Amino acid sequence: MGFLPAFRYEHRLVDDMFAYILKSRGGFVWACKNFEGDLGSDLVAQGFGSLGLMVSFLETAAAAAAADGAAAAAAAFAAEAAHGTYSNYPVASAYAWARGLRRRGQRDSNLLLQQFAAALEAACCSAIEGGVMTKDLATAIKGEQVSEKDYVDTKQFIKEVQKHLEQALVKLGVIT
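Here full-length UniProt numbering is used: position 5 in the sequence shown is 5, and no number is missing along the way.
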């Protein structure tokens with residue numbers, strides 16, 4: 001079966017599309033303008049619990065690419081900035097860098113850079129799966145029952161990711 005039978009085109013106004021996103025079970029491709037995509041991706045990310053895991057990746061027809069982590073919420077900024085421990089969603093920022101590095105590695109045929117990018121993403125996942133996460137992610141999981149023992153600040157999270165990244169790079173033989 002070819003490409004065409006699997007897809008059909010349907011034009012929707014943006015307000016109708018947002019309503020469709022909320023009630024659908026997925027299974028569609030949404031081609032949209034940048035602003036609509038920004039709003040829609042934030043809506044979908046929040047629906048899954050946190051903007052902190054969201055990263056956007058844009059590639060032009062000329063193969064120029066850009067990756068961007070989610071923008072921070074003002075309340076989160078105020079809470080950690082006062083203590084000097086704030087970063088704009090460290091997982092989203094790490095993923096944005098990893099996507100950019102992976103793309104650079106692909107364009108330069110640099111396998112080591114591509115492996116590093118994959119290891120960075122995996123290190124973030126390993127840290128979270130091991131129970132080390134920032135407040136935004138802990139809140140997405142525990143809701144109002146979240147307490148300070150459920151999360152670490154940004155600096156502590158980055159140190160945990162660094163530990164997992166170094167372990168992955170040792171396995172790859174990149175560092176000893």
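Backbone N, C-alpha and C define an ideal beta-carbon position, used for all residues, glycine too. What you are looking at is a predicted structure, and each value in this text was computed from that prediction instead of being measured.
Endpoints, the alpha helix (DSSP H) within which residue i is located
i, result
"Gln124", "Note that residue 124 corresponds to Cys in the displayed sequence, not to Gln. Taken as a continuous stretch (DSSP letters only), the alpha helix (DSSP H) holding Cys124 covers Leu111 to Glu129."
"Glu10", "Looking at the DSSP string, Glu10 is not in any alpha helix (DSSP H), and its letter there is neither H nor E."
"Arg25", "Here Arg25 belongs to no alpha helix (DSSP H), and DSSP marks it neither H nor E."
"Asp108", "Taken as a continuous stretch (DSSP letters only), Asp108 belongs to no alpha helix (DSSP H), as it is neither H nor E."
"Ser147", "Neither: Ser147 is in no alpha helix (DSSP H) and is coded neither H nor E."
"Val152", "Here Val152 belongs to no alpha helix (DSSP H), and DSSP marks it neither H nor E."
"Ala31", "First-last for Ala31: undefined, no H or E at that position."
Own chain residues within Cβ distance below 6 Å of residue i, not counting five before or after
i, result
"Ile175", "Leu169"
"residue 178", "Beyond the ends of the chain as shown, which are 1 and 176, falls residue 178; an answer cannot be given."
"Ala71", "Note that Ala71 scores a pLDDT of 47, beneath 50, so its modelled location is shaky and nothing firm can be said."
"Ser126", "His164"
"Ala73", "In this predicted model, Ala73 has a pLDDT of only 45, less than 50, meaning its place in the structure is not dependable; the value taken from the coordinates is given anyway. Answer for Ala73: no residue qualifies."
"Ala98", "Ala117, Leu120 and Glu121"
Integer-rounded CB distance, given that residue j should sit under 8 Å from residue i
i, j, result
"residue 179", "Leu120", "The requested residue 179 is not part of the displayed model; the chain covers only 1 to 176."
"His164", "Ala123", "4 Å"
"residue 224", "Asp150", "The requested residue 224 is not part of the displayed model; the chain covers only 1 to 176."
"residue 249", "Gln106", "Past the edges of the chain, shown from 1 to 176, lies residue 249, and the structure says nothing about it."
"Val146", "Thr139", "5 Å"
"Arg12", "Tyr20", "7 Å"
Residues near residue i by beta carbon distance below 8 Å, same chain, minus five either side
i, result
"Phe17", "Per the sequence shown, residue 17 should be read as Met rather than Phe. Result list for Met17: Trp30, Cys32, Glu36 and Gly40, in chain order."
"Asp15", "none"
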